[in-house]
Each structure stands twice: as C-alpha cells, then as structure tokens.
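Trainee:
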Amino acid sequence: MTDLSRRHALALAGGSLLLPTAVRAQAAWPAQPVTFVVGYAAGGGADIVARELAHLMTPLLGQQVLVDNKGGAAGAIGARFVSNAKPDGYTLFYAVGTNVVTNPHVLKSSIDTLKGLVPIIQTTDYQYVLAVNPSVPVNNVKELIALAKKEPGKLTFSSSGVGGNNHLAGALFAETTGIDITHAPYKGTGPALMDVISGIITMNFSSLPPAVGQIKSGKLKALAVTGEKRVSSLPDVPTLKEQGVDLAVTGWHGLFAPPKTPDAVLDRVHKETAIAMKDSKYTGALAKDGLELPPERSRADFTKFVVDEHTFWGKKLKALNVQME
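Residue numbers (numbering that gives the first Met the number 0): 0 to 324.
Spelled out as structure tokens, the structure:
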C-alpha cells in the first residue's frame with residue numbers, strides 16, 4: 000500500500016469514528032437487548048402475548064427481547080415511561096389500544112399519546128368475554144340483565160383501569176341494556192380477574208388469554224363473548240348479539256416507540272415483528288386464546304388507524320360521560 004493510499008484509508012477510518020453516536024448506534028441496531036414495556040401487571044392478556052412475541056423476535060433480532068411490566072393507571076405509567084425513554088429502539092411500548100386512544104381522554108395522568116408515542120405495527124385483534132363468579136345465580140345475559148335491574152347498583156364489574164377496553168365494554172353494556180352496575184377499576188387485568196374469581200366482584204369483561212383457562216377450570220362462568228362471532232377457544236359461549244344485545248366490543252395490541260426514534264430502526268422493528276407474527280407458534284398462541292392476526296398495515300397505515308381510533312373514542316367517551324380521573 001502506498002503512503003497516499005494508506006493515508007486515505009486512515010482518513011476514512013477516522014471519519015467513521017467522527018460520525019454522530021446516534022448514527023453509529025443506528026447502523027449497529029440492535030447491539031443490546033430490546034425491552035417491551037407492558038403497562039399492566041404480569042399475567043394479563045397483553046403480558047401473555049407480549050412474552051410470546053418477544054420470544055419469537057429474539058432470534059430474528061439477534062438480541063434478547065425482554066418484557067418489563069409497569070402496571071398502573073390503565074397503562075398510562077408504561078406509556079409515559081416509554082415516551083420519556085431514549086429514542087434508540089431499545090425501549091418499546093407493547094400497548095393495548097386503549098392505552099393510546101382512550102387514556103388521553105379519561106386520565107389526567109396520561110400523556111398526549113399522538114405526540115408522545117410513534118406507532119410501529121399492530122400485533123393482534125381480539126374480543127372480550129363477559130364472565131361472572133360461578134356463585135352469581137345467572138346462566139345467560141338475559142338473566143344477568145334481569146338481576147341487575149332487580150338490584151340496581153349492586154352488581155359490580157372490574158376492569159384494568161378507567162378507560163381500558165374492559166371498562167368501556169362494561170360501560171357500553173350498561174348503556175345498551177339500561178342497567179346500573181358499579182365499576183371497580185384495578186391496576187391490571189390479572190388482579191381485576193382474580194377478584195371476580197374470589198367473589199369480591201360480580202363480573203368482568205376480560206381479554207381472552209387470562210380468562211379462558213379459568214373458565215374451563217370452572218373458576219369463572221362465561222356468559223358471552225363481545226365480538227361479531229364466537230371464538231374457537233370458547234365455542235359454546237354465544238355472542239352478546241346472539242342473546243339480543245346489539246353491541247360488539249373489540250380491541251387490539253400494537254408496538255410503539257419514543258418520539259424521534261430513527262426511521263431505519265422503526266422499519267426494522269416493523270419488518271421483524273411482521274415475520275414473527277407469521278410464525279405458527281404465534282398464530283397458534285393467538286388462536287388458543289381466541290385472538291386473531293390483525294390486517295397487514297404499513298407503518299403509515301397503522302398511524303392513520305391509531306389517529307382515527309383516537310378521534311372516535313374521544314367522541315364516544317364524551318357521549319358516555321366517562322369522567323377524567
């Protein structure tokens with residue numbers, strides 16, 4: 000190598016060292032473990048699916064993907080934590096849709112999620128199951144409505160927090176059927192469900208993953224699912240509409256990043272997540288618990304979906320007179 004070419008090579012090497020840290024880190028991403036933050040306690044529906052996805056994405060990214068539970072305030076604590084995290088792709092929010100599209104309308108502790116989080120990809124579509132403690136003397140929705148009208152305000156329903164989808168399902172159910180039931184918010188799906196099992200709370204509109212096993216073991220009694228059709232994991236449980244209640248409530252999960260996360264990192268996360276979601280282990284895990292794959296959307300299309308959902312629920316929550324807490 001001539002002196003001139005040697006000097007040129009050294010200059011190129013030195014120039015790479017002068018690149019901004021963010022650029023060099025982006026080029027090497029991921030160079031360390033990635034964390035999915037879940038805004039609920041361990042054992043809930045979002046936690047179960049996040050852990051399955053994290054397991055499948057670990058080999059795709061070449062780094063371990065971890066799950067960190069930061070429960071409380073219906074997911075708002077987890078959302079704020081990720082929003083304030085370093086925008087390097089190593090801390091992502093595994094969100095339930097309500098964390099992003101309803102919390103800003105009902106929780107004073109919520110961030111402005113449209114500005115504070117960047118949508119990456121939707122990971123599930125799902126519905127809920129209306130389940131009661133086995134001691135409740137009803138066997139279908141018609142009997143539950145009759146009991147609630149006989150004892151207004153006495154029956155209770157738990158949720159993962161104000162503004163969560165299981166809270167909204169209960170509020171919409173009460174509005175649609177003209178009954179008075181009392182809401183009891185908790186800091187996660189798991190604790191909310193456990194108090195139905197123990198008999199402290201009458202009912203819960205639970206996401207399917209944590210409820211199916213408890214229903215099959217007889218610890219909970221399922222009265223209805225909340226979507227347009229029955230689910231394969233609970234084929235004998237009719238929908239609300241089958242039982243004369245004109246209501247359908249569905250939900251979704253998705254991955255979000257802090258603002259200013261580089262597009263190249265977001266694109267990589269979107270790409271690898273989409274691959275993981277096609278794995279039979281993931282689709283099998285979803286089907287087992289009655290969840291479904293969402294429509295395939297680009298990052299831009301998912302962002303539009305989130306904005307549209309945010310607008311819709313803002314209007315609906317106002318109509319339901321759900322008060323900000």
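Even glycine gets a Cβ: it sits at the ideal position worked out from N, Cα and C.
Indicate whether L207 and Y125 have their beta-carbon atoms separated by less than 8 Å.
Mentor: Numbered from its first residue, the sequence shown carries residue 207 at position 208. Numbered from its first residue, the sequence shown carries residue 125 at position 126. In this structure, Y125 lies closer than 8 Å to L207 by Cβ.
Trainee: How long is the line joining the alpha carbons of K280 and L254, rounded to whole angstroms?
Mentor: To locate residue 280, count along the sequence shown from 1; it is residue 281. To locate residue 254, count along the sequence shown from 1; it is residue 255. Approximately 19 Å between the Cα atoms of the pair.
Trainee: Are the beta-carbon atoms belonging to G70 and K220 less than 8 Å from one another?
Mentor: Position 71 of the sequence shown, counting from 1, holds the residue named residue 70. Position 221 of the sequence shown, counting from 1, holds the residue named residue 220. No, the Cβ-Cβ distance between G70 and K220 is not below 8 Å.
Trainee: Residue range of the beta strand (DSSP E) that W251 falls in?
Mentor: Numbered from 1 along the sequence shown, position 252 holds the residue referred to as residue 251. That run of the beta strand (DSSP E) goes T249 to A256.
Trainee: Any idea which residues DSSP pairs I120 with across the strands?
Mentor: Working through the sequence shown from its first residue, we reach residue 120 at position 121. Beta-bridge pairing by DSSP links I120 to L254.
Trainee: Q121 to S134, Cα distance in whole Å?
Mentor: What you label residue 121 is simply residue 122 of the sequence shown in a count that begins at 1. What you label residue 134 is simply residue 135 of the sequence shown in a count that begins at 1. Looking at the two C-alpha atoms, the distance is approximately 38 Å.
Trainee: Please classify L11: does DSSP put it in a helix, a strand, or coil?
Mentor: Within the sequence shown, the letter at position 12 stands for residue 11. Because L11 sits at a pLDDT of 43, beneath the cut-off of 50, its placement in the model cannot be relied upon, and the following sentence gives the value as read from the coordinates. Helix.
Trainee: Evaluate contact between the region 257 to 276 and the region 51 to 62, counting only Cβ atoms and requiring at least three cross-stretch pairs below 8 Å.
Mentor: yes
Trainee: Pull the bridge partners of Q126 from the DSSP assignment, please.
Mentor: The residue you call residue 126 lines up with position 127 of the sequence shown. According to DSSP, which records beta bridges pairwise, Q126 is partnered with T249.
Trainee: Looking only at its own chain, which residues have a Cβ that is under 8 Å from the Cβ of G213, when we skip the five neighbours before and after it?
Mentor: Looking up residue 213 in the sequence shown gives position 214. Residue identity differs from the one stated: residue 213 is Gln in this sequence, not Gly. The answer, listed in chain order, is A130, L192, I196 and L219.
Trainee: Could you have a look at S197 and say whether DSSP puts it in helix, strand or coil?
Mentor: Numbered from its first residue, the sequence shown carries residue 197 at position 198. Correct three-state label for S197: coil.
Trainee: Just the C-alpha distance for S231 and G289, rounded to the nearest angstrom, thanks.
Mentor: The residue labelled residue 231 in the question sits at position 232 within the sequence shown. The residue labelled residue 289 in the question sits at position 290 within the sequence shown. Distance between the alpha carbons of S231 and G289 is about 6 Å.
Trainee: Check whether the region 143 to 150 touches the region 94 to 113, counting contact only when three or more Cβ pairs, one atom from each stretch, lie closer than 8 Å.
Mentor: no
Trainee: I want to know whether the region 237 to 249 touches the region 164 to 174 - three or more CB-CB distances under 8 Å.
Mentor: yes
Trainee: Do the CB positions of A75 and A94 come within less than 8 Å of each other?
Mentor: As a working note, residue 75 is residue 76 in the sequence shown. As a working note, residue 94 is residue 95 in the sequence shown. Result no, Cβ atoms of A75 and A94 do not sit closer than 8 Å.
Trainee: Quick one: measure Cβ to Cβ for H182 and S159, integer angstroms, because I've assumed they're closer than 8 Å.
Mentor: The residue labelled residue 182 in the question sits at position 183 within the sequence shown. The residue labelled residue 159 in the question sits at position 160 within the sequence shown. Actually they are not in contact, since the Cβ atoms of H182 and S159 sit about 12 Å apart, beyond 8 Å.
Trainee: Leaving out the 5 sequence neighbours to the left and right, which residues in its chain are closer than 7 Å to K287 when beta-carbon positions are compared?
Mentor: By 1-based counting over the sequence shown, the position of residue 287 is 288. Within the same chain, K287 has close Cβ partners S232.
Trainee: Could you give the residue range of the alpha helix (DSSP H) that holds V48?
Mentor: As a working mapping, residue 48 is identified with position 49 in the sequence shown. For V48, the uninterrupted alpha helix (DSSP H) segment begins and ends at G44 to L60.
Trainee: If you run the structure through DSSP and keep just helix, strand and coil, what is N164?
Mentor: In the sequence shown, counting from the first residue as 1, residue 164 sits at position 165. Of the three classes helix, strand and coil, the one that applies to N164 here is helix, per DSSP.
Trainee: Going by C-alpha distance, which of V117, L55 and V264 is nearest A27?
Mentor: For the purposes of this step, residue 27 is taken as residue 28 along the sequence shown, with counting starting at 1. Answer by Cα proximity: V264.
Trainee: With DSSP as the reference, label A191 as helix, strand or coil.
Mentor: Counting from 1 along the sequence shown, the entry for residue 191 is found at position 192. If DSSP states are grouped into helix, strand and coil, A191 belongs with the helices.
Trainee: Taking just the CA atoms, how far does D46 sit from V321?
Mentor: Taking the sequence shown and counting its residues from 1, one reaches residue 321 at position 322. Taking the sequence shown and counting its residues from 1, one reaches residue 46 at position 47. CA-CA distance, V321 to D46, rounds to 26 Å.
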